[in-house]
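Peer 1:
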Amino acid sequence: MLWKFFDVDQQSLRPWDEGLYMWRARLFLDQNEAWAPFAQAHHKTPGHYWIVALSMRLLGVSV
2 MLWKFFDVDQ QSLRPWDEGL YMWRARLFLD QNEAWAPFAQ AHHKTPGHYW IVALSMRLLG
62 VSV
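Position 5 of the sequence shown, counting from 1, maps to 6 under the numbering used here, and the rest follow consecutively.
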């Protein structure tokens, strides 16, 4: 079972979603509309976006 943890960095869980999470969280910061994130493009709960946006605010955006 331990061998599963050694190749964690080989593949991400959902590589197509990571960019979308980052992009939407950055939109929250740029547009300052984190309290009303629901639109056609935002069909998921905003909790994850808030966490990513908070880390971008605290640590900075590198991309």
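In this text, a Cβ means the ideal position worked out from N, Cα and C, and glycines have one as well.
Out of 63, 51 and 61, point me to the one whose CA is closest to residue 22's CA.
Peer 2: Among 63, 51 and 61, the Cα nearest to that of residue 22 is on 51.
Peer 1: Quick check on this structure: which residue in 49, 31 and 47 has the alpha carbon closest to the alpha carbon of residue 61?
Peer 2: Closest option to residue 61, Cα to Cα, is 31.
Peer 1: Can you give me the C-alpha to C-alpha distance between residue 25 and residue 63, rounded to a whole angstrom?
Peer 2: Going by the C-alpha atoms only, they are around 15 Å apart.
Peer 1: Out of 33, 34 and 49, state which residue places its alpha-carbon closest to the alpha-carbon of residue 19.
Peer 2: Checked all of 33, 34 and 49; the closest Cα to residue 19 is 49.
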